[in-house]
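Please read the structure below before turning to the comments.
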């Protein structure tokens with residue numbers, strides 16, 4: 001596994017460095033299998049967060065004049 005493999009996997013999946021390294025370690029450097037692992041874990045994470053209800057929130061924007 002090289003830094004180029006990690007970078008390539010990050011570009012394809014948008015996952016973090018450590019998640020890409022972990023997936024490549026699990027698959028022995030196989031980019032396609034690592035991609036599948038990341039996609040599956042991403043779907044699992046999104047599913048957990050999708051059940052949450054946002055009851056209240058606050059949003060603020062600060063804009064500089066002239067920009």
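Numbering (full-length UniProt numbering), first residue to last: 1 to 67. Just so it is clear, CB atoms sit at the ideal spot from N, CA and C, and this is done for glycine as well.
Buried versus exposed call for residue i [16 or more other C-beta atoms within 10 Å across all chains shown]
| i | result |
| --- | --- |
| residue 23 | buried |
| residue 54 | exposed |
| residue 34 | buried |
| residue 6 | buried |
Candidates the options: closest to residue i by CA position
| i | options | result |
| --- | --- | --- |
| residue 42 | 5, 2 and 15 | 15 |
| residue 12 | 32, 66 and 59 | 32 |
Range covered by the alpha helix (DSSP H) that runs through residue i
| i | result |
| --- | --- |
| residue 18 | 17-27 |
| residue 10 | 3-13 |
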